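Protein chains in written order, with my numbering: chain L, 16 to 343; chain F, 5 to 512; chain D, 250 to 581; chain V, 151 to 468; chain C, 3 to 357. Remarks on the structure that follows.
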Ligand SMILES: Nc1ncnc2c1ncn2[C@@H]1O[C@H](COP(=O)(O)OP(=O)(O)OP(=O)(O)O)[C@@H](O)[C@H]1O
Ligand SMILES: Nc1ncnc2c1ncn2[C@@H]1O[C@H](COP(=O)(O)OP(=O)(O)OP(=O)(O)O)[C@@H](O)[C@H]1O
Ligand SMILES: [Mg+2]
Ligand SMILES: [Mg+2]
């Protein structure tokens, strides 16, 4: 178990280093950061001086080393555009994105799993067909179109839900949350659904196909032959076994929710990381972009780690304890 | 009973970059600061200069100005405003990291005469010395010193600049809270020296970058005012009983520039030659553009086709100028005469998120030029990439917009029209990316700068513009309209410099 | 024979499919008496598993029972509602599948499987069920059941898992156990252990067994009677000694001859040419006739029914009383 | 010993035989069974043909700038007031006919989708085969890279690559280069799925006895991979390919929405939607809705095909 | 004992066995990852899949290996055909030591001379290839025929040789039944005109009736082409039927080998005896079977000494637990590894009802 975690951690560090290198080296080549920092009226000597002061003329390796060392201390420099430490910007924006990601993940799981189970168990029911068709349409429409149509219907037309922003937020010190006000919840509905729809569809389809596979296995047949009730067979045996592979893929999916939030946040002006990142891309705000990449990778690695541990908890075959395995 | 507190909510496509009033010289940011800070002068809704923190001023000699300051003004923190603050401010804008250095010549002396009098001594005569000072916001010296913000926000140090996130002006509104790119809340300054023309108690500002989301927010009543409104949505905003559209010409002139300095175009299939060096080609391009179609279809009437590189609003003699006619046949003829009967190919740089319908305008231009045989490769890109490219003079053909911040033609000459010689005069005509150059105009410009007689000066300006017109040096397109939307029950004053000034806003 | 535990009459199982309907089991009848072991043999695809699955009511759609009836202890069970049939499964009929590796859910302990089954069919408490489970494990010969009960299937070897499966099938003391190739996936040396265990337990509990296998050796040792299936039909059924040593149907004969025997002569094995027809192309008349060395006209046209021949019954025109002459006497 | 007389009867030699067998196969059968799948295939085919023969089918060539007139812009669909029969579905902000632009735009979208999927498949399959067949260090290396890649969803990677190229090339030589950039971006962000799947199948296949038989015969490992393993792992690849074709088309559209798509003078369906978005409130809904519907229908059809293929190629689900 | 079949080639090549296996061992590293070993102090783990195996196969004969699953039969086969490199020991094919071969090129002429038939008729044929291509593969690889026409002709001959028709080459494997597929496998194996065939459980996936067809075919081919077989099965009856010599494996060790008749009539090793006991009695003589007791031990932690001692009724509790028995000759030809046999503690073999 410890070895398992350590191995995962080591791998994660490697992954993070590679990402850091990517983040660093890729963005080093987009546009000229100096242009972004100064107004249009700065002379070229001043620019050169600034370049020198920022260390942009140092060898790449030195710059990278500095970058990693700083990143390890959560110091991603100062945003060229906003002139504020990136870590502070992230601290402001992270709660919004994480809450959005959390809500859409909950939405995706809470709808996707039951729908997947239903469609697998009642393959021929009309409701299953409806679920499958609607879900296909869900993945066939680009997210931004869904978002805009929803705004059009629910904000402009019906006037039920706010079209932008997080609504009222409550500041809890290090964390500002929109989940403590009715207003905040209302504001989160459309973005969360827009963001979660795609994942929900995937999870539903995944659960369905895994469940169908599991329902075909011998142990399910044998469970039926033992006269277990349908409930026990479907939920006690089939669903639990379905979840084993579903966990991994779902984990990967949820990891990407945070990154997918770029589009949703843009459409709904959700004040999160994605919006920050997109603005950063447009402004060639290298510190933000680099930090964002690293953060995404970090969350991904973290979620992966959690998923692995979950997997470990769910599937006893992975728990190799010596006392018993030596028995035969 | 107590009057209900009036909260005004408005949205713009971006946020003010910083609260530091000297950090960035950018229209919206400055306009936003103008609600919190004040300059020695300000401009009324007609853009006429009126006294603000200075009550009056006089030119003691062509190089010596005296400004009398308003007494009894306090900053939001209660400190009194006096000459020290003015001297401090003018020093501060000349430091590293300030984007406002150009508002005053570097060798200008700023002298405190007494607590409420300040002198300015310039090296050269400058009749329009204070024309841009509505944007030079006076900071409180003590406050800046206490909070270690005596330097403008310096991006090269990691330290937070207090002034970038806090504000202490003399203006009609105080900052209550601010979250960059999310929300800024302002409250009424009860101790303002001036009589408020607004009736607001609280202002909530939210940036909304997506056009359609912003319009939706206005239409659904989530904000009381939003801008810019895409021109095509103005009708709907107007048709909606709860909202109305506010439009009017803006000062910015949108124009096309062509590389006339290189002997061979960078991005073209023509080898060994630069077609744009041939005045016939420039005229051909000019005449190939159907500006009325652009106005009608792309701008939906929300633009004034322009014959000049400056808004008629800012130049008294503009009615002497008329736009050369749209004439594709002549255009083709000219191209043939110039030796390009089959046209030629060139790449065009165009921003896609800077001006109203910029990309659509470029596309239309591309299509129109295609009809006369000029094959244009359109490179539409976000403004950051666009500016990085053109600022390096790495372009053959581009679309740009320009507002003279002094609201005066000399600014246009100095930045766009005079000869570009990066080695000799690095700051002159820095934005003349095509390198148009006519020494006659340069000579005129020098006269314009020092000429103090208004009428004569205008004549000189007109003369310069005539030469430019004959040279077909630039292709002015239009002044785009401001396109604002506001709830019907609020009264917003729109000014052609596109600054949204809260102290003119009234709510029912 | 007293009233049989299982009585199957004219059972037909069909699969509606793309090229018409396939008959996997075609009009078969047999019965199993109390305490009796009926062996079912036949080539792969002959319909052995389908018969067993149909009896326990676990045919998977689109497969369905399209004719005939199944009676368990006199009660008709093939048309019971889903819920009632579920109560019979595991309680009155137990089933053992071929592969012990996949019959147990890898995510649950052996004990969970057992208590779950016990509690489904009895109203024992959790603790009582657990005690019973330990007893059962003990009974099937798993050493140290108190510790083993909390282990997962992957901690068990194949043979032990099959013992667990047997324990599960027998946990509610069913009247009938259907064992579908219970030893095929096991080692030769373990096979014998499992068969002996099954035989002993069923004898002790008086359980009837339907033992499906292709291993004639297992049948010979274990079964009381044997049914031989070919292409969805029973071609011969009779006491085991009779079928093994004195096969009546040419297919059975071929099958017996194809088994290599130790100490037998070393020449070539008896070989049935060709292969079993696909279900979609079952020949008319006797399905075996294209491969039958003794086929004659009637075989290609008329389908033989099971007819008594000596102690057993065979579905072969050779044994029709009036046909013996028509065939011109039996050769071989 | 003639054991197979029976099967000789159904033996038909030659090409017609192969064709007949293909038509007779289970896959073809399940295709004919599913009306929806046939419809989806028909729609996909129509889009493909339209895209392929766009110059002959489309009423106008929207990419030919001499052909479009700004004065024709914002015309509503033919049947609405003010509509023009030349433009059955109306025109966009530049005066391009929506119908023609959809046809050409589908061409752009399909081109991007196809090329990106091909690229992704080529990279993914190659790396997957190498990782799966060779194992060891190569495997570990490739899978680590894949893991890094996995932490970024396609859209992010595409944004990055697009940004990098634009940054490096200074945005020059638009047009075809922009297409190449988008294709590479999407292609590079999709390869992992192929690699993982192929590696998985390859691990299974390489232990199958037919591969070992080839090894015993002494077939060169490269040939074993190419001729034995590869064809047998292509089933899942095909399924991923259809589904990622749909995804690639959407990704291209999303990139266009975020402003980094194909050049505006050669609009794809995504560009059209993005542009049309700006005219939703102003009542010119046809500019975004027709391309939006076209995109959704195309993607839906491809997804349906992918879905069906997944089931049809999975014997366990039959 | 069965009469030895005279084969055409037996006369030319003297008594040199086609295959000589000496001291063969193959060890698989199944250790947990390094980190686990370091942190949890887990030792490295190895499976000694085969250990000190040695036997000869004379030309034109069949040598069979029997034993339970996991006893190492397939590993021997794979080492012999070069799929695995042995950890130790040597395999000599017709006088050439395989260890001396360095390159694929050098190996090619040898590969031509042997071939392998696999257990699973479904998995051993590439499902995407036509049967013709499958069978032609060895011909092409070894360049045994020139031109498509020649290849096609040769494939037709091969198909007919195994009892299929030449036109069957146009079909895909899935269009055949299991027995027919196994014939195709055999045709492929014969395509390079090998002298030596390794058959790894070629019939265990098949029905008895189909098995009979294949066994008969294999015997016919041996008679006609003078082939040498290494035959693997766990079905003793099948082995009895086809073999000249039989080796019995237990947990990687060859515990006994002897001429077939000898082994079946006078089994020496207790494990061999038990296996024979376990054969179902079709004759229904009423003989009581005594199945081998106990479970198969873990190959990673095999019992010390004689691997079989925990299940052996004749284990003496000391020597058997400590000392690995050495192979020693037994009367009638053959060898056995058993302390009890060596010490003469064994009762005479039970040979009733057989022979
Ligand atoms: N789902 C299905 N659809 C169509 N035919 C089926 C299906 N399942 C089984 N069959 C057919 O039913 C027939 C009987 O199958 P069954 O499993 O009973 O054979 P079996 O005698 O048990 O064979 P084995 O010894 O291989 O287990 C076979 O020919 C098989 O092809
Ligand atoms: N590639 C391998 N890696 C690790 N262990 C292996 C490998 N191949 C075989 N083994 C192990 O070696 C031992 C012998 O395996 P082998 O396949 O030779 O047995 P077998 O007698 O052929 O069994 P079966 O009858 O099941 O085919 C087994 O314990 C097996 O787990
Ligand atoms: Mg079966
Ligand atoms: Mg084996």
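Where is the CB? At the ideal position from N, CA and C, for every residue including glycine. Please read all numbers here as calculations on a predicted model, not as lab measurements.
- Excluding its 5 nearest sequence neighbours in each direction, residue 154 of chain L has C-beta neighbours in its own chain below 7 Å: 213, 216, listed in chain order.
- Distances from the CA of residue 58 of chain C to each of C:225, C:302, C:26 were compared; the closest alpha carbon is that of C:26.
- Residues of the region 277-304 of chain L that bring their beta carbon within less than 9 Å of a beta carbon in chain F comprise 281, 282, 283, 284, 286, 290, 291, 293, 294, 296, 297, 298, 299, 300, in sequence order.
- Look at residue 387 of chain D here: in three-state DSSP terms it is helix.
- Taking residue 383 of chain D as the centre and dropping the five residues before and after it, the same chain places the C-beta of 394, 395, 398 closer than 7 Å to its C-beta, in chain order.
- Here residue 468 of chain D has 288, 290, 460, 462, 475, 489, 493 as same chain residues with Cβ atoms under 8 Å from its own Cβ, once five neighbours each way along the sequence are excluded.
- Any heavy atom of ligand 1 within less than 6 Å of a residue's beta carbon puts that residue on the list, which reads D:264, D:266, D:271, D:273, D:291, D:293, D:294, D:295, D:296, D:297, D:298, D:299, D:312, D:463, D:528.
- Against chain V, the beta carbon of residue 139 of chain C has neighbours under 8 Å at 364, 367, 369, listed in chain order.
- Boundaries for residue 331 of chain D: no beta strand (DSSP E) harbours it, while the alpha helix (DSSP H) harbouring it runs 331-337, taken from the DSSP string.
- Distance from the CA atom of residue 238 of chain C to the CA atom of residue 326 of chain C, rounded to whole angstroms, is 26 Å.
- Distances taken from the Cβ of residue 62 of chain C to the heavy atoms of ligand 2 include none shorter than 7 Å.
- Distances between the C-beta of residue 358 of chain V and the heavy atoms of ligand 2 are all 7 Å or more.
- Excluding the 5 residues flanking it on each side, residue 179 of chain C has same chain C-beta neighbours closer than 8 Å at 212, in chain order.
- The shortest CA-to-CA distance from residue 420 of chain V to any of V:404, V:435, V:429, V:410 is the one to V:404.
- Taken from the Cβ of residue 301 of chain C, at least one heavy atom of ligand 2 lies inside 7 Å.
- Ranking L:199, L:104, L:197 by CA distance to the CA of residue 310 of chain L puts L:104 first.
- When the beta-carbon positions are compared, residue 303 of chain V and residue 247 of chain V stay at least 8 Å from each other.
- The beta-carbon separation of residue 499 of chain D and residue 542 of chain D, rounded to 7 Å, stays under the 8 Å limit for a contact.
- The way I'd put it, the region 101-121 of chain L does touch the region 185-203 of chain L; three or more beta-carbon pairs between them come closer than 8 Å.
- In chain order, the residues with a C-beta atom nearer than 6 Å to some heavy atom of ligand 2 are C:30, C:32, C:49, C:51, C:69, C:71, C:72, C:73, C:74, C:75, C:76, C:77, C:236, C:301.
- In the structure shown, residue 33 of chain C falls within a coil segment according to DSSP collapsed to helix, strand and coil.
- Shown in chain order are the members of the region 217-241 of chain F whose Cβ falls below 7 Å from a Cβ of chain L: 217, 220, 221, 223, 224, 226.
- Listed in chain order, the positions of the region 304-324 of chain D with a beta carbon within less than 7 Å of a beta carbon of chain L are 305, 307.
- Per the Cβ contact rule, the region 258-273 of chain L is not in contact with the region 378-394 of chain V (fewer than 3 Cβ pairs under 8 Å).
- Taking 7 Å as the Cβ-Cβ cut-off, the region 385-415 of chain F approaches chain V at 385, 386, 389, 393, 398, given in chain order.
- Of the residues D:414, D:369, D:540, the one whose Cα lies closest to the Cα of residue 391 of chain D is D:414.
- The Cβ atoms of residue 234 of chain C and residue 195 of chain C lie no closer than 8 Å to each other.
- The beta carbons of residue 29 of chain C and residue 47 of chain C sit no closer together than 8 Å.
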